[in-house]
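Protein chains in written order, with our numbering: chain A, 54 to 741; chain B, -13 to 425.
Ideal placement from N, C-alpha and C gives every residue a C-beta, glycine not left out.
The structure presented is a predicted model; accordingly, all values stated were derived computationally and were not measured.
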């Protein structure tokens, strides 16, 4: 009883204490934590390699980061050589075959990776000596083989292709290229063409010229003593031959003469990518470095002005941010970005510009600055948890030419920044009269409104670029069909464009020879046809017939891999129309309508439904046929086949396409037509 | 033979075990049912405070998808004592950072602060649990924001819809069949009343775990926890009764199209049991065996030797009720998707028919050991793991003991699990294709 009473009393006590909790005010901070900024130990090898060691024995693991502080290299028409070099490194060494190397790394549960100017390795403490030995071997004696090179080049090119419709990826590439220029290392990018220009010898040369120790820094962090680290580096990296990378000059990139929008049309976009940029000379050693970073934070840090306006107030975007990058080799860059739904693209540009003008023209509030300072101070304190960060600080002091006490006095430096410093920094870094506003999005949805964007009392001019940052004309995407325009007229224009009715009717036979490639195998294709409903298509691989279709007036068959199948009655009916040399000569007599308008390879084309299972597209400007789409029922499923035709060339007064690309599901077959003969080379025997 | 013995020697030399520093913690319940876990690590002056609520995408309001994630956005809109828009200001001006994320099974909120702000962080999370302010204005704005998030991550993103397409085909009845982020229509239709009811039901102390980890004093922290969370009223008990799925017994084929890609992908998916089951751990090992590292089976064969794939991977998408095991590849050059499917299946067949080699088994053990050491390397990650192991696995001590489960898995078990879950008649094959350009 006494016990129970006691606990009831206790409970009451507890409740009454809790009732007094003052929730209305945030609790006060405790005493500020003591900050210990550890210093890494350093040494240098004769070949120039500088090493920093940060002991941390909390976990039984060690990591090593190697970075080459070289000036950026322009790769030009061989853009891709540095990424290929990186892909080839770490794949074995001249001493250890690739498979053994990879197997051993994996067996240890370790990691060894290379970048074009860096390397990283990490493992449990017990394996680290061996990992360092392998890292050094891979650095000094890379295993450059033709086989691996060919494979990596294939992967690189497929990767480039895979990004063609990636709106965010294209936006980034175009923003860089327009800001820095394609002739600057920061503006150039890899294309299929430049990747194809690279040879294995180029990779080897790039490695010899650039992967050298003169400007190399190595940071070792973790469960290892300084002595042991030093011993490992000295033993294994002493053989890295001393050499200095070549140095280059490039044109100085500059901001545009006046503010403008640079637009790239991507019809698949459901969001527009906006990037407002301004180049600025900005290095970490500049006295206004911290003030500039704080200024950028107030404008576009997480949860700050851009975010509050475009996300929390308007709901235009998942997030809008800005960045200010420093660079000791080239101009740095201010960028304000957002991904926004198509409908609000113009409004978002307007709001971002408004925020830039506001922060440049009006001083920020003391509260905003205090918040930014607290954030920077907090980040600094919290980052100390990671020994890697502390090592990075020490590395920055070396490579960025900072005062030795930069980080010791960091918090004091943050505290000393004033509202005036912030405004000065903004005015220095954001050139409001020379902004480049890159917008990548769907023109048909966003352009009409974007053309009306007002900035500083004037309509902002728009320039158009393609996905490779080449200047192009404004996209014509109006989907309306001109009044009175008919399918008949489209077909007539096509017939005129390829030679005219009279010339086409004079054709008795055609022979075409083409070559294509599938899964690395070469295919040959021969097509023969006559004006009296005869047609033969033969596809061969290494001299063997893979698929042969023959049609002769009222009968025909398909022969595939030795199996012969006669055509059904329906198929014969279809073929009687299909086997015409120029079916449009027939179709043009029918009253066909234009079934639609589409963009094909970026150009406007009219669609004409030729029959229930076949449609064709004709270029609105040239009149030439650019694509055919036919559908077929097969086992209850509808399969559609798309054939694109291009590269028209004249043969005997008639223009024939010399490139054909057939797409069926994920497969694409590209054919190049090698030879076209008109009225020769075809005999009756071809159709038996 | 010579090589094999070398590996055995290596294994013996280094010994099988490494001890990562054990994560120490203390856990208890408040009277209102809130579970509390404290982890002290005074190495750096940093503290992580987090709350995990046992509510996720599978828990809906009137069947509406994407509800839990939408709700997560609303919980940054303010509380009775923290005005709208002030949450982030409070975090920044105290030098911290914060965020949240929602899975199909749980919602996780966290703050990281310099350690003199521990009390502040507890006050903030208790405000969020006790009396968040949810208003129509916030619902309207966050509806747009979440839809933008969906466009950014899913609709405008290359390969962004593959998970959605797989779940749709692997699940028929269980709410896992629908996307965690929700359908646009459901997002638009969600009402303020539904959000209020959702809060009443799920955002209660008896459905949450609070973790404070880092540079703390245990006694002082307990006092603050009691002060700010002790008087939050307990909620009703929560019952879930989601439909069971019938086993997949016949291969399913599906296609999906994506306008943002040029290179197709082929994906094979199998339905698997809850992540708490021993089989799920075995499947983690199978993924590592198949595609982690350059010497892994699929990578070495398809990317390296035969040059058929740009990328190949296997992963075990683990969840609370069911999981999904996925093997995928992207072709290089003209390799057909069928070829890729057959090459992937060939390796899975081997797993069903043969024991993996002794050497590969040892390699797996070494990889999991290394992963274990790295997994508890920062306080923020430890806080998340403690919450997860308690709430979803029902055993906080897994943070130190999970490695023992992996160590105890045998080669025979790997074969058994492959035979139970990874058969061709149990799979869904998804062709993920570029959207044809013309309409």
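Any idea which residues DSSP pairs residue 259/B with across the strands? 308/B
Exposed or buried, residue 411/A, counting other C-beta atoms within 10 Å across all chains shown (16 or more means buried)? exposed
Check whether the Cβ of residue 91/B lies closer than 8 Å to any Cβ atom in chain A. no
Enumerate in chain order the residues of its own chain whose CB-to-CB distance from residue 57/A is below 6 Å, with the five nearest sequence positions on each side excluded. Because the pLDDT at residue 57/A is just 44, under 50, the model does not fix this residue reliably, and the point stays unresolved.
Between residue 78/B and chain A, is there a C-beta pair that is closer than 8 Å? yes
In three-state DSSP terms, what is residue 74/B? helix
With 8 Å as the threshold, decide whether the Cβ of residue 424/A is near any Cβ in chain B. yes
Quick check on DSSP: helix, strand or coil for residue 65/A? Per-residue confidence for residue 65/A stands at a pLDDT of 39, beneath the threshold of 50, marking its modelled position as unreliable; the derived number appears in the next sentence. It is helical.
Where residue 247/A falls: helix, strand or coil (DSSP): helix
On the criterion of 16 or more Cβ atoms from any shown chain inside 10 Å, does residue 307/A qualify as buried, or is it exposed? exposed
Can you list the residues of chain B that residue 435/A reaches, using a CB-CB cut of under 7 Å? 32, 98 and 100
Is the stretch 66 to 77 of chain B in contact with the stretch 115 to 124 of chain B, if contact means three or more CB pairs nearer than 8 Å? yes
8 Å is my cut-off, CB to CB: does residue 14/B come that close to chain A? no
Does the beta carbon of residue 120/A fall short of 7 Å from some heavy atom of the ligand HEM? As for the ligand HEM, it is missing from this structure, which has no ligand bound.
Grouping DSSP H, G and I as helix and E and B as strand, with all else coil, what is residue 459/A? coil
Does the beta carbon of residue 356/B come closer than 8 Å to any beta carbon on chain A? yes
Cut-off 8 Å between Cβ atoms - residues of its own chain near residue 132/B, not counting five sequence neighbours on either side: 52, 55, 56, 59, 167, 168 and 173
What are the residues that DSSP puts in a beta bridge with residue 121/A? 269/A
For the stretch 209 to 218 of chain A against the stretch 150 to 168 of chain A, do three or more pairs of beta-carbon atoms, one drawn from each stretch, fall closer than 8 Å, so that the two count as touching? no
Go through the stretch 482 to 519 of chain A residue by residue and report every complete run of the alpha helix (DSSP H) that reaches 4 residues or more, in order. 496 to 503
List, in chain order, every chain A residue whose beta-carbon is nearer than 9 Å to that of residue 299/B. The premise fails here: residue 299/B is roughly 15 Å from chain A at the closest Cβ pair, so nothing lies under 9 Å.
Give the C-beta separation of residue 398/B and residue 341/B to the nearest angstrom, bearing in mind that I take them to be a contact with Cβ-Cβ under 8 Å. 7 Å
Pick from 483/A, 257/A, 390/A and 500/A that is closest to residue 396/A, judged by C-alpha positions: 500/A
Does any CB atom of chain B fall closer than 8 Å to the CB of residue 208/A? yes
Quick check on residue 413/A: does DSSP put it in helix, strand or coil? helix
From residue 436/A to residue 197/B, what distance separates their C-alpha atoms? 21 Å
Sort 734/A, 474/A and 349/A by Cα distance to residue 53/A and report the nearest one. Here chain A covers residues 54 to 741 and nothing more, so residue 53/A does not appear.
Which whole-angstrom value is the C-beta distance of residue 315/B and residue 292/B, which I expect to be below 8 Å? About 11 Å separates the two Cβ atoms, so there is no contact after all.
Is the stretch 248 to 262 of chain A touching the stretch 330 to 337 of chain A in the sense that three or more CB pairs, one from each, lie closer than 8 Å? no
Below 8 Å on C-beta distance, what does residue 104/B contact in chain A? 83
Considering residue 742/A, what are the terminal residues of the beta strand (DSSP E) in which it resides? Because chain A is modelled from 54 through 741, residue 742/A falls outside the range shown and cannot be assessed.
Can you give the Cα-Cα distance for residue 735/A and residue 249/A, rounded to whole angstroms? 39 Å
Check each residue of the stretch 358 to 373 of chain B: if its Cβ is closer than 9 Å to any Cβ of chain A, include it; give the result in chain order. 359, 360, 362, 363, 364, 365 and 366
Once DSSP output is grouped into helix, strand and coil, what is the label at residue 408/A? helix
Contained beta strand (DSSP E) runs [length at least 3] in the stretch 370 to 404 of chain A, N- to C-terminal order: 370 to 378 and 385 to 394
DSSP three-state call for residue 169/B: helix, strand or coil? coil
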